[in-house]
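Presented below is the structure to which this report refers.
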Amino acid sequence: MVESLSDHGHSHDHHDHEHGHDGALCRHARERAAEAGEALARAEAICRERRQRLTPMRRAVLGALYDTHKPVGAYEIIDILGPQEGKTLAPITIYRALDFLIAQGFVHRLASRNAFIACPHGHGPEDLVAFLICDACGGVDERCAPPLSRALVQMLQAEQFKPRHPVLEISGLCGHCSEKHGDA
Ligand SMILES: [Zn+2]
Ligand SMILES: [Zn+2]
Ligand SMILES: [Zn+2]
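If you read the sequence shown in my numbering, its first letter stands for residue 443, the second for the next number, and so on.
This is the structure we're talking about:
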């Protein structure tokens, strides 16, 4: 349902974005850059609707996560935002902002990396999501798989287990990188 929001990578008007060291942006970076503005505006609208405050710090943290296609740790966020804010930020400040963003469903925590990634999908907290984490380019694809979700829900119900955040993290090589490495 989210797929239709973006036209898939056929635009040639993104030359102004920062380029990677190899001179080209990977697909993850292009997708993230394309969705950032809309996703931030949507987060603001959702907060207004829920009567939650997207404070300048919370917005800055979310913005920092949308500036990259890679999962980012709390201390990296401090390094990014500190110069912008003109002061040293305490980790607790960043963690509080992240807690809020996670609770609102704007951000996920990747346990395997102890890092955070923005989520533009607006799904419920109980939905199973799968993260496909590329070891080569660092990009992360988040996918919902309804059949997988249903199987998991059945299994959890049989166990009478209440999941808090059902998340699947799979590391490996993304399609683009495995093509590049010639072992597709
Ligand atoms: Zn998500
Ligand atoms: Zn990759
Ligand atoms: Zn990539």
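We put the beta carbon where it would ideally sit given N, CA and C, even for glycine.
Handout entry: Local Cβ density within 10 Å of Y508, reported as buried at 16 or more and exposed below that
Key = With 16 or more other CB atoms across the displayed protein chains lying within 10 angstroms of its CB, Y508 is buried.
Tell me whether G581, by its Cβ, gets closer than 8 Å to a heavy atom of ligand 3. It does: the Cβ of G581 is within 8 Å (strictly closer) of some heavy atom of ligand 3.
| message | Let me check you understand the geometry: is the CB of H511 closer than 8 Å to at least one non-hydrogen atom of ligand 1? | response | Checking every heavy atom of ligand 1 against the Cβ of H511, none is found closer than 8 Å.
Anything with a beta carbon under 6 Å from a heavy atom of ligand 1 counts; list them all in chain order. Spelled out in chain order, the answer is H550, C561, H563, H565, V571 and E584.
Self-check item: Beta-carbon proximity check, L543 vs L531, cutoff 9 Å
Solution: In this structure, L531 does not lie closer than 9 Å to L543 by Cβ.
- Identify every residue that forms a DSSP beta bridge with V503. DSSP, once it has assigned bridges, lists no residue as partnering V503.
Looking only at DSSP bridge pairs, what is L552 linked to?
According to DSSP, L552 bridges with A557.
**Report entry** Residues sharing a beta bridge with I575, DSSP
**Finding:** Beta-bridge pairing links I575 to V582 and S613.
Check: How about A516 and F573: do their beta carbons lie closer than 9 Å?
Finding: In this structure, the beta-carbon distance from A516 to F573 does not fall below 9 Å.
Measuring only the C-alpha atoms, how far is R538 from A502?
One C-alpha to the other measures close to 13 Å.
Going by DSSP, which residues form a beta bridge with V514?
DSSP output for V514 lists F558 as bridge partner(s).
query = For P608, which three-state DSSP category applies?
reply = Of the three classes helix, strand and coil, the one that applies to P608 here is coil, per DSSP.
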